[in-house]
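Following: one structure in C-alpha cells, then a few remarks.
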Ligand code: ATP
Ligand code: MG
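In the UniProt record's numbering, the protein residues as written are 58 to 397.
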C-alpha cells in the first residue's frame, strides 16, 4: 500500500533544515519507525507530479551507505519523503552536542575522534561511488547534517540530488548556496563528483576539528565583494545584501557558527575561490598537530582547488588512509556509536 499521512503517527521532531523539517514517525500498519521529511514545495501540480516521479527512482537505491527509501507522497502544500530512521542522528548534531553533555570521558568531547572520521570517510566515498555508478547521480549536498549514524555503527548518506525538480522548487531561504560548495561550483563552472569530494574534505576537517574550518579565516578589511567573480548570480541568495551594508560592517573573519548572515556567506564564497584550501593539520587547532601525515594528505587530495588535480572517490578509496589493516587500536563505529 502507498504511504499516506493517516498511517503515520508522529513520535518526535528530529530537526529543521533550510527547506523543511524532519519528523520521527511510526508507520502504524507495519510498526516501522521512519524519518519523514516534510518539504514545502512552491510549484504547480504538474511540477509536483514530476517531482514524485523523480523521487520514485529512489526505490531502486540499495546500498549500505545510503539511507533506504520507503516512499514519497503529496500532502498539500508539502511533499513528504519517508526514509530509514537513523537513531544517532546526523554528524553535525553529534559533534555539536558531544562536548556539551558533561560526560565523564574527557577524551570524547567536541571533535570526532580521527579514527572515526577515517571510517566515516570510507563510507561516504562508498556512497558516492554507488550513487555515481548505480544511480547516475551526484550527491550535491555532502555535509555533516546529511551524514547519519545509527547504533549499529552504520554511516549513511541522505538528501542527495535525485530530483532536479525538487531542488528547483524547494522554498528555501538560501537558494543554491552552501558553505560546503567547491570553488568550481561557486564560479558556475561544470562540476562533477569531484565537487562532492571537495564537500567531503571540508566535512572531514570540520568533524576532526570540532568546528567549521573557515570559522576564523581572516578576511581582509574593506575588501569589496566582487559579485562578478561569483557567477552565476542566479545561484546566490535571492535577497542580496546591499553595498551600504557591506561598507558599514567591518568584517573581521567569517563567523559561521550559529546564525549565518547572508553577507558572511558571500564573503566566504569569495574566500573559497581566492584563498588556499583549509588543511587538516593547522596550528590554530592544537589537537590537529597529532594527526598523521597520511590523514593530512588524504584531505589535501580532496581539497585541490583545481578539480583536475582533485582525486575522485574511487582513487581516494585506494589511498593508505583508507586501508583498515593494522588499525587494531581504532575504536569501531559500532563501539563509538554506543558511547553517544
Ligand atoms: P539543510 O536544510 O541546510 O540541508 P539539514 O540537512 O540539517 O540542513 P534537514 O535535511 O531538513 O536539514 O534535516 C534536519 C535534521 O533532521 C538533520 O540535521 C538530522 O539531524 C535530522 N535527520 C534527517 N534525516 C534523518 C534520518 N533519516 N534519521 C534521523 N535523523 C534525521
Ligand atoms: Mg539534510
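Beta carbons: idealized from backbone N, C-alpha and C, even for Gly.
Classify residue i: buried if its beta carbon has 16 or more other beta carbons within 10 angstroms, exposed otherwise.
i, result
"residue 324", "buried"
"residue 371", "exposed"
"residue 50", "The first residue shown for the chain is 58 and the last is 397, placing residue 50 beyond what the model contains."
"residue 101", "exposed"
"residue 116", "exposed"
"residue 61", "exposed"
"residue 82", "buried"
"residue 270", "buried"
"residue 384", "exposed"
"residue 380", "exposed"
What number of angstroms, rounded off, separates the C-alpha of residue i from the C-alpha of residue j?
i, j, result
"residue 174", "residue 204", "12 Å"
"residue 238", "residue 253", "8 Å"
"residue 308", "residue 153", "The predicted model places residue 308 with a pLDDT of 35, which falls under 50 and marks its position as unreliable; any figure quoted below should be read in that light. Distance between the alpha carbons of residue 308 and residue 153 is about 25 Å."
"residue 182", "residue 227", "27 Å"
"residue 190", "residue 180", "15 Å"
"residue 235", "residue 178", "20 Å"
"residue 69", "residue 80", "6 Å"
"residue 261", "residue 355", "10 Å"
"residue 188", "residue 67", "30 Å"
"residue 264", "residue 258", "10 Å"
"residue 457", "residue 393", "With the chain represented from 58 up to 397, any question about residue 457 goes unanswered, as that position is not in the structure."
"residue 248", "residue 225", "17 Å"
"residue 59", "residue 378", "44 Å"
"residue 344", "residue 200", "22 Å"
"residue 63", "residue 134", "16 Å"
How many whole angstroms separate the CB atoms of residue i and residue j, which I take to be in contact at a CB cut-off of 8 Å?
i, j, result
"residue 352", "residue 171", "6 Å"
"residue 126", "residue 118", "6 Å"
"residue 131", "residue 97", "Not really, about 12 Å apart at Cβ, beyond 8 Å."
"residue 184", "residue 120", "6 Å"
"residue 167", "residue 267", "4 Å"
"residue 250", "residue 337", "Contact doesn't hold; Cβ gap of about 21 Å is too wide."
Taking 9 Å as the CB-CB limit, is residue i close to chain B?
i, result
"residue 384", "Absence of chain B from the displayed structure is noted, only one protein chain being present."
Quiz item: Using 8 Å as the threshold, is the region 326 to 340 in touch with the region 197 to 212, meaning 3 or more CB pairs across them?
Solution: Counting Cβ pairs under 8 Å, fewer than three are found: no touch.
Quiz item: Taking one C-beta from the region 128 to 142 and one from the region 87 to 95 each time, how about it: are there three or more such pairs within less than 8 Å?
Solution: Yes, the region 128 to 142 is in contact with the region 87 to 95.
Quiz item: Does the count of Cβ pairs from the region 242 to 258 and the region 357 to 373 closer than 8 Å reach three?
Solution: Taking 8 Å as the limit for Cβ pairs, the verdict is that the region 357 to 373 does touch the region 242 to 258.
Exercise. Indicate whether the contact test is met: 3 or more Cβ pairs, each with one atom in the region 144 to 151 and one in the region 193 to 204, closer than 8 Å.
Key: Yes, they touch.
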